[in-house]
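Its first residue numbered 0, the sequence shown is counted upward by one per residue in numbering that gives the first Met the number 0.
Backbone N, C-alpha and C define an ideal beta-carbon position, used for all residues, glycine too.
Owing to the predicted nature of the structure, the values given are computational and were not obtained by experimental measurement.
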Amino acid sequence: MKGTTILLDRWQGAEAAALIRDGQLEDLLIDSDDPRPGTIYRARADRPMKGQGGMFLTTPDGSAFLRQVKGLSPGAPLLVQVTGHAEPGKAIPVTTRLLFKSRYAIVTPGAPGLNVSRAIRDEERRDDLLTLAREVLQGHPVLELDPPAGVIIRSLAEDAEEEDIADDILAMASLAMNVLGDAEGPPEKLVEGDGPHTLAWREWPQTADVRDGDGCFDEMEV
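Right, here's the structure in full:
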């Protein structure tokens, strides 16, 4: 079977997505009870980890570990984002470098600048996308932060409609402002990381044939 197919189904009760290319399983995403990568917490600094230059944090979903800590006092609130799945018995890995990512755009607080994915090689298209980003963000408060946030236009934007790209930029910029404005208070989950179905929409080819519904894994012998 030639071509690319995305299957959105469930596996043992958990949300799951499969990417099939030319009849072969290329990628498989399965949800779990662990905090999803991309989840953003308002955490509380707990105790430093001597000898590792890191600190344990308190989150609503358990202990987290932040590497390379400087100037952070126990008890202080801070915004962190889950970077991966925790190993059994280990703390949730997190970072303070937040990313607000959608299909066509990534907003990067603390990393200013407007950039286009290097995978987009057409110079005219690159210029058009940069112009669009500037127009969309003109006067937006995300550019008035200190330091201002940046925007990366993703490779999937190359063939996308400008309206859809603009919507993504604005949505991520607004989400960033909401989260950054909610940095004070007790530990709380502020943003849930994307599940397998949303990740498939966000990361996998736009041109794929999409099949959505219970049983499509069985039909395609996943």
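Given residue i, which residues of its chain have a CB within under 6 Å of its CB, disregarding the five upstream and five downstream residues?
i, result
"Glu161", "Leu131"
"Gly112", "Gly149"
"Glu25", "Leu18"
"Ser223", "Residue 223 is absent from the model: the chain starts at 0 and stops at 221."
"Ile29", "Trp10, Ala13 and Ala15"
Near residue i, what residues of its chain come up, given a Cβ to Cβ distance below 8 Å and the 5 sequence neighbours on each side ignored?
i, result
"Ser154", "Ser116, Ala118 and Ile119"
"Pro140", "Met176"
"Ala75", "Arg43 and Ala44"
"Arg133", "Leu113"
"Met219", "Thr4, Leu6, Ala17, Ile19 and Arg210"
Considering residue i, what are the terminal residues of the beta strand (DSSP E) in which it resides?
i, result
"Ala156", "Where Ala156 is concerned, there is no enclosing beta strand (DSSP E), given that its DSSP letter is neither H nor E."
"Asp193", "Careful: Asp193 lies outside any beta strand (DSSP E) and carries neither H nor E."
"Asp208", "Asp208 to Asp211"
"Ile105", "Ala104 to Thr107"
"Arg117", "Unbroken run through Arg117: none, as it is neither H nor E."
"Asp8", "Thr3 to Trp10"
"Val93", "Ile91 to Thr94"
Taking the alpha helix (DSSP H) that residue i belongs to, which residues open and close that run?
i, result
"Val135", "Glu122 to Leu136"
"Asp223", "Lying before the first or after the last residue shown, residue 223 is absent from the chain, which here runs from 0 to 221."
From the beta carbon of residue i, is the nearest beta carbon of chain B less than 8 Å away?
i, result
"Lys89", "This model lacks chain B altogether; it includes just one protein chain."
Residue i to residue j, Cα distance in whole Å?
i, j, result
"Phe55", "Lys1", "49 Å"
"Leu240", "Asp181", "Residue numbering for the chain in the displayed model covers 0 to 221; residue 240 lies beyond these limits and cannot be assessed."
"Asp193", "Gly70", "31 Å"
"Ile164", "Ala156", "7 Å"
"Gln137", "Asp145", "16 Å"
"Ile105", "Phe99", "5 Å"
"Phe216", "Val135", "40 Å"
"Gly88", "Val81", "16 Å"
"Glu191", "Thr95", "16 Å"
"Leu142", "Ile152", "16 Å"
"Gly53", "Val221", "41 Å"
"Glu202", "Ser31", "19 Å"
"Leu168", "Asp127", "The displayed chain sequence assigns Ile, not Leu, to residue 168. Answer to the nearest angstrom: the Cα atoms are 15 Å apart."
"Trp200", "Gly184", "33 Å"
"Arg125", "Gly12", "42 Å"
"Thr38", "Leu78", "11 Å"
"Arg35", "Leu189", "13 Å"
"Asp121", "Leu27", "31 Å"
"Pro204", "Val68", "38 Å"
"Leu129", "Thr107", "15 Å"
Whose C-beta lies closer than 7 Å to the C-beta of residue i among residues of the same chain, with five residues either side of it excluded?
i, result
"His196", "Leu7, Glu14 and Ala16"
"Pro73", "Ala44, Asp45 and Arg46"
"Pro186", "Tyr40, Arg41, Ala42, Arg43, Thr57, Thr58 and Pro59"
"Ala159", "Tyr103"
"Ala85", "Asp33, Ile91 and Pro92"
"Ala207", "Thr3, Thr4 and Ile5"
Touch check for the stretch 16–35 and the stretch 48–57: three-plus C-beta pairs under 8 Å?
As far as the Cβ criterion goes, the stretch 16–35 does not touch the stretch 48–57, which means the pair count is below three.
With three or more C-beta pairs closer than 8 Å as the rule, is the stretch 205–213 touching the stretch 3–20?
yes
Any contact of the stretch 164–173 with the stretch 10–19, i.e. 3+ C-beta pairs under 8 Å?
no
Kindly provide the ranges of any beta strand (DSSP E) runs that are 3 or more residues long and lie completely inside the stretch 18–89, ordered along the chain.
23–29, 39–48, 53–58, 61–65 and 76–81
Is the number of C-beta pairs between the stretch 50–66 and the stretch 97–114 that are closer than 8 Å three or more?
no
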